[in-house]
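First up is the structure itself, then whatever we jot down about it.
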Amino acid sequence: MQNGGDALPWADRAAYAERMLERDLRAHRAAHALSGPVIFDRGIPDVLGYLKLCGLPVPPHIATAAKAARYNRRVFLAAYWDEIFTQDAERKQSQTEAEATCAAMFETYVALGYEIIELPRTDIARRADFVYKQLAI
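Per full-length UniProt numbering, the very first residue in the sequence shown carries number 1; after that it's consecutive.
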């Protein structure tokens with residue numbers, strides 16, 4: 001948004017997906033230099049899920065990237081949660097769209113062979129505790 005470009009989900013969804021892919025590939029490559037567990041907020045499969053959610057075709061290079069640049073087989077999902085749903089300048093989705101996004105991400109990760117671990121709907125400290133226990137940190 002700061003650059004004034006149109007690669008935004010409400011302006012040019014295909015361009016937005018390409019920017020998402022670029023960012024996620026960079027983050028995935030950078031993580032290889034790190035030691036210990038690395039937790040990503042988003043991943044390459046999200047790009048696939050986003051395109052499917054929007055009813056857009058998935059370009060072959062995006063499908064290939066999602067299959068080639070793998071994460072741990074177990075992934076965390078922060079599911080749609082009505083009580084904390086909000087909209088702002090960067091989160092313009094309706095509640096219905098947010099729920100559909102969650103479903104699309106779940107389906108996409110499962111289709112790619114990942115095991116989904118849903119985060120509990122509780123306070124931040126308990127969620128963090130849950131993640132630590134799952135990672136055995």
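Glycine is no exception: its CB is placed at the ideal position from the N, C-alpha and C atoms.
All figures in this text were calculated on a predicted structure; none of them were measured in a lab.
A direct Cα-Cα distance of roughly 9 Å separates Tyr50 from Val58. Tyr80 is not a Cβ neighbour of Cys54, given a cutoff of 7 Å. For Arg74, the enclosing beta strand (DSSP E) begins and ends at Arg74 to Leu77. Taking a C-beta distance under 7 Å as the contact criterion, Arg74 and Ile39 do not qualify as a contact pair. Nearest neighbour of Ala65 by Cα position, chosen from Leu77, Gln87, Lys133 and Leu112, turns out to be Leu112. Between Pro45 and Tyr109, the beta carbon gap of about 5 Å places them in contact (Cβ cut-off 8 Å).
By the 16-neighbour rule on beta-carbons within 10 angstroms, Ala30 is exposed. Taking the Cβ atoms as the reference, Ile62 lies roughly 25 Å from Leu34, outside the contact range of under 8 Å.
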